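In the working numbering, the protein residues as written are 807 to 1022.
Here it is in structure tokens:
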């Protein structure tokens, strides 16, 4: 009996070690060559375990979303934050959902259509460096587990600053399970260097949320 228990313990130990090693490998690759999460892992974006610690409506409320706003969800994925944002801005608001992967955008659009909020969302198949939006036209931009996946962070933040109105907010969320996870101190440095002012931070090192204001 003891031998069987020992065998199971060894198997579990090897399994945990394999997962940890895989995570470390992914993080190493992200540090060298930042890139978006492959679309093959899209199911993880709305996995029940993730939803237990990431309440999109609560986070959006902390970032100051209100009715009639125009909002950017950069790196929107399957629309986990796009959809509640569209509900919260109301019929006179607008959400710009932006992602570089068409497959994720298609999923986000399909679910938005099913929820009856498709008309409030504009989907953009685009990256972060050249947004097809006018200067000073956005009230709030959010990046959820996205900044670490962007190779040229200064260029992306500069473009966000261009389209955000003076005094508009930028919300950045990071979660440790994402291989592209960024430390809060690193995020704060990048964003402040781009011309934003820090407002507030909440959460824990496992999953945190930071709000900044465009200091135009």
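C-beta: ideal position from N, C-alpha, C; glycine also.
Note that this is a predicted model, so its numbers are computed, not measured.
| Asked | Found |
| --- | --- |
| Write down the C-beta distance between residue 918 and residue 888 rounded to the nearest angstrom, noting that I regard them as a contact closer than 8 Å. | 7 Å |
| Please go through the same chain and pick out, in chain order, the residues whose beta-carbon is closer than 7 Å to the beta-carbon of residue 927, but skip the five residues on each side of it. | 888, 892, 901, 903 and 918 |
| Given a cut-off of 8 Å on the beta-carbon distance, is the pair residue 977 and residue 942 in contact? | no |
| Let's see if you can read the secondary structure: which residues bound the beta strand (DSSP E) around residue 1014? | 1013–1020 |
| Going by the DSSP bridge assignment, what does residue 949 pair with across the sheet? | 880 and 978 |
| Could you give the uninterrupted runs of the alpha helix (DSSP H) lying entirely in the region 881–927, keeping only those of 4 residues or more? | 888–895 and 908–920 |
| Please state whether the Cβ-Cβ distance between residue 981 and residue 988 is less than 8 Å. | no |
| Given 8 Å as the limit, is there contact between the region 960–968 and the region 1006–1018, that is, 3 or more CB pairs closer than that? | no |
| Could you spell out the range, first to last residue, of the beta strand (DSSP E) harbouring residue 867? | Element bounds for residue 867: not the beta strand (DSSP E) but the alpha helix (DSSP H), 862–868. |
| Round the Cβ separation of residue 1016 and residue 990 to the nearest angstrom and send it over; I've been treating them as touching at under 8 Å. | 6 Å |
| Assuming contact is defined by CB atoms lying nearer than 8 Å, are residue 944 and residue 876 in contact in what I supplied? | yes |
| For the beta strand (DSSP E) that contains residue 943, what are its first and last residues? | Where residue 943 is concerned, there is no enclosing beta strand (DSSP E), given that its DSSP letter is neither H nor E. |
| Using CA coordinates, which residue listed in 879, 1019 and 1014 is at the minimum distance from residue 939? | 879 |
| Taking the straight line between their C-alpha atoms, what separation do you get for residue 867 and residue 995? | 24 Å |
| If residue 1000 and residue 967 are in contact, beta carbons under 8 Å, what's the gap, nearest whole angstrom? | 6 Å |
| Can you find the residues in the same chain that come closer than 8 Å, C-beta to C-beta, to residue 884, ignoring five residues on each side of it along the sequence? | 848, 851, 852, 910, 913, 914 and 917 |
| For residue 1022, which residues from the same chain have a beta carbon less than 7 Å from its beta carbon, with the 5 sequence-adjacent residues on both sides left out? | 972 |
| Going by the beta-carbon positions, is the gap between residue 937 and residue 969 smaller than 8 Å? | yes |
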